[in-house]
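Q: Residue numbers (my numbering), protein chains in the order written: chain R, 330 to 579; chain L, 169 to 299. Cβ atoms here follow ideal geometry from the backbone N, Cα and C, with glycine treated the same way.
1. Could you tell me which whole beta strand (DSSP E) segments of length 3 or greater appear in the region 197 to 237 of chain L?
2. Go ahead and pull the three-state DSSP assignment for residue 438 of chain R.
3. For residue 485 of chain R, which of helix, strand or coil comes out of DSSP?
4. Indicate the three-state DSSP secondary structure (helix, strand or coil) for residue 577 of chain R in the structure shown.
5. Would you identify the three-state DSSP class for residue 365 of chain R, choosing helix, strand or coil?
6. What residue range is occupied by the uninterrupted beta strand (DSSP E) comprising residue 493 of chain R?
7. Just mark residue 359 of chain R as buried or exposed, buried being the case when its beta carbon has 16 or more other beta carbons within 10 Å.
8. Please list the residues of the region 374 to 393 of chain R that have a C-beta atom closer than 8 Å to any C-beta atom in chain L, keeping them in chain order.
9. Consult DSSP for residue 527 of chain R and reduce its assignment to one of helix, strand or coil.
10. Are three or more beta carbon pairs between the region 231 to 238 of chain L and the region 181 to 188 of chain L nearer than 8 Å?
11. Is there a Cβ from chain L that is less than 8 Å from the Cβ of residue 398 of chain R?
12. Tell me, to the nearest whole angstrom, how far the beta carbon of residue 482 of chain R is from that of residue 443 of chain R; I am working on the premise that it is less than 8 Å.
13. Can you tell me whether DSSP reads residue 342 of chain R as helix, strand or coil?
14. Run the CB neighbour count on residue 366 of chain R, radius 10 Å, all protein chains shown included, and call it buried at 16 or more, exposed below.
15. For residue 290 of chain L, decide whether its Cβ has a neighbour in chain R, counting only Cβ atoms nearer than 8 Å.
16. Count the other CB atoms within 10 Å of the CB of residue 214 of chain L; is the residue buried (16 or more) or exposed (fewer)?
17. Could you tell me if residue 398 of chain R is buried or exposed, where buried requires 16 or more neighbouring beta carbons within 10 angstroms of its beta carbon?
18. Determine the DSSP secondary structure at residue 447 of chain R, reduced to helix, strand or coil.
19. Against chain L, does residue 455 of chain R count as a neighbour if the rule is that its beta carbon must be under 8 Å from one of theirs?
20. Using the Cα positions of residue 281 of chain L and residue 522 of chain R, report the straight-line distance between them to the nearest angstrom.
21. By Cβ distance, which residues of its chain are closer than 6 Å to residue 340 of chain R, with the 5 residues on each side in sequence left out?
22. Would you mind telling me which residues of chain L sit closer than 9 Å to residue 504 of chain R, beta carbon to beta carbon, in chain order?
23. By Cβ distance, which residues of its chain are closer than 7 Å to residue 577 of chain R, with the 5 residues on each side in sequence left out?
24. Return the first residue and the last residue of the alpha helix (DSSP H) that residue 581 of chain R is part of.
25. What in chain R is Cβ-close to residue 217 of chain L, meaning under 7 Å?
26. Below 8 Å between beta carbons: does that hold for residue 441 of chain R and residue 555 of chain R?
27. Report the residue from R:384, R:529, R:491, R:348 whose alpha carbon sits nearest the alpha carbon of residue 438 of chain R.
28. Would a check of beta-carbon distances place residue 287 of chain L closer than 8 Å to chain R?
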């Protein structure tokens, strides 16, 4: 068993899941692969198992937040030291995993590394649609302001956490549209995160979890969550250091 | 006093109708609890509402007295305001309950999925234990 885990959330990704797992095994062999089948109605789980991944099959669709948290609980229970989130649809290139890992392990004070599409302005690759970029920029502005550090791609799901990040997310992870809130959650618990440039591909198959009609709801919901989070009590450094050692999840 | 009560509930026969309605509400809630379609903790507030209507119907002039004490000169307005507030509180309460249930549901789904994965892994490791 490796000490590192790649968590792959997948909902009806039967076309892409095999390829994603294969390239993970080839390009990041020091990572175990765990697929979270979030209530798929197709053969995603079967295909993933055939490809050699561990599979957790949720009894019904929980959404990306609940699915990812299942992966973090698994990582927490099995004692993994590092967890990286890789989308099942092929958007995240496993080639970048070792960039993230080197950065995370190179700085002992660092707890999370996020792959950002916007950090390197000269690189090309997939950067979402124009309307979504406006939203992403707004979130980036707000999150940067709150955490007092530069965040360029707050909606990126391509992120790697260390043990304290795993323990925090196993205990508390935002239920829907979790990426932006998770950055704030790290900040609130005095865990440090930073970004590194990555290039993303457009998704191979399937549909985005957020349709255009849902985007407005998405924006409002995340902004509300960020606003409310500002009024939650921030644990002191000592409490934050002690709290991630959890017994059970609530 | 009697005039005020008549103003609220109309003539005596209408007062009887209100009493019957209040009793019916209480009985309905009671029956739901008896059949275990409604838990006691959610029945209490509804019973309280039924009893309030009953008391207001029986105790002539109470509503007028309360209204004037609160500075409201049209007693039925008090009734509407209180009823609206009650429904509002109930709905917010239900939203809280639904949120809690949704969260507990999520945790259950996660636990079941993780346990299932563990079981399947054990079966793979020790195939002799499978029937």
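A: So, to answer that:
1. none
2. Along the first chain, one-based indexing puts residue 438 of chain R at 109. Reduced to three states, the DSSP call for residue 438 of chain R is coil.
3. The sequence position of residue 485 of chain R within the first chain is 156, counting from 1. Correct three-state label for residue 485 of chain R: coil.
4. The count along the first chain starts at 1 and reaches residue 577 of chain R at position 248. Bear in mind that the predicted position of residue 577 of chain R carries a pLDDT of just 41, short of 50, making it unreliable; the figure below should be weighed with that in mind. Coil at residue 577 of chain R, not helix or strand.
5. Residue mapping note: residue 365 of chain R aligns to position 36 of the first chain, counting from 1. Strand.
6. By 1-based counting over the first chain, the position of residue 493 of chain R is 164. Premise fails: residue 493 of chain R lies in the alpha helix (DSSP H), 492 to 500, not in any beta strand (DSSP E).
7. Residue 359 of chain R sits at position 30 when you count from the first residue of the first chain. Counting Cβ neighbours within 10 Å, residue 359 of chain R comes out exposed, since fewer than 16 surround it.
8. Under the 8 Å Cβ criterion, the region 374 to 393 of chain R contributes 383, 384, 385, 386, 387, 388, 389, 391.
9. Against the first chain, residue 527 of chain R aligns to sequence position 198. Taken through DSSP and simplified to helix, strand or coil, residue 527 of chain R comes out as coil.
10. no
11. As a working note, residue 398 of chain R is residue 69 in the first chain. Yes, its Cβ sits closer than 8 Å to a Cβ of chain L.
12. The residue you call residue 482 of chain R lines up with position 153 of the first chain. The residue you call residue 443 of chain R lines up with position 114 of the first chain. Sure, about 7 Å apart at Cβ, within 8 Å.
13. Locating residue 342 of chain R in the first chain gives position 13, where the first residue counts as 1. Three-state DSSP puts residue 342 of chain R in coil, outside helix and strand.
14. The residue labelled residue 366 of chain R in the question sits at position 37 within the first chain. Buried is the call here.
15. Indexing the second chain from 1 puts residue 290 of chain L at position 122. Not an interface residue.
16. Counted from its first residue, the second chain places residue 214 of chain L at position 46. So residue 214 of chain L counts as buried.
17. Here residue 398 of chain R corresponds to residue number 69 of the first chain, with the count starting at 1. So residue 398 of chain R ends up on the buried side.
18. Translated into the one-based positions of the first chain, residue 447 of chain R becomes position 118. In this structure, residue 447 of chain R counts as coil in the three-state DSSP scheme.
19. For this step, residue 455 of chain R is matched to residue 126 along the first chain. No - not a single Cβ of chain L is within 8 Å of the one on residue 455 of chain R.
20. Within the second chain, numbered from 1, the residue matching residue 281 of chain L stands at position 113. Within the first chain, numbered from 1, the residue matching residue 522 of chain R stands at position 193. The alpha-carbon atoms of residue 281 of chain L and residue 522 of chain R are separated by roughly 30 Å.
21. Along the first chain, read from residue 1 onward, the residue named residue 340 of chain R stands at position 11. Excluding residues within five positions, the ones whose Cβ falls inside 6 Å are 367, 369.
22. Stepping through the first chain from its first residue, residue 504 of chain R is reached at position 175. 270, 271, 274, listed in chain order.
23. What you label residue 577 of chain R is simply residue 248 of the first chain in a count that begins at 1. Confidence at residue 577 of chain R is low in this model, with a pLDDT of 41, below 50, so its placement is unreliable and no value can be given for it.
24. The shown model of chain R, from 330 to 579, leaves out residue 581 of chain R, and the question about it has no answer.
25. In the second chain, counting from the first residue as 1, residue 217 of chain L sits at position 49. Identification of chain R residues near residue 217 of chain L by a Cβ-Cβ cut-off of 7 Å yields none; the smallest Cβ-Cβ distance measures about 32 Å.
26. The sequence position of residue 441 of chain R within the first chain is 112, counting from 1. The sequence position of residue 555 of chain R within the first chain is 226, counting from 1. No, they are not a contact pair.
27. Taking the first chain and counting its residues from 1, one reaches residue 438 of chain R at position 109. Nearest C-alpha to residue 438 of chain R: R:491.
28. Taking the first residue of the second chain as position 1, residue 287 of chain L is located at position 119. Not an interface residue.
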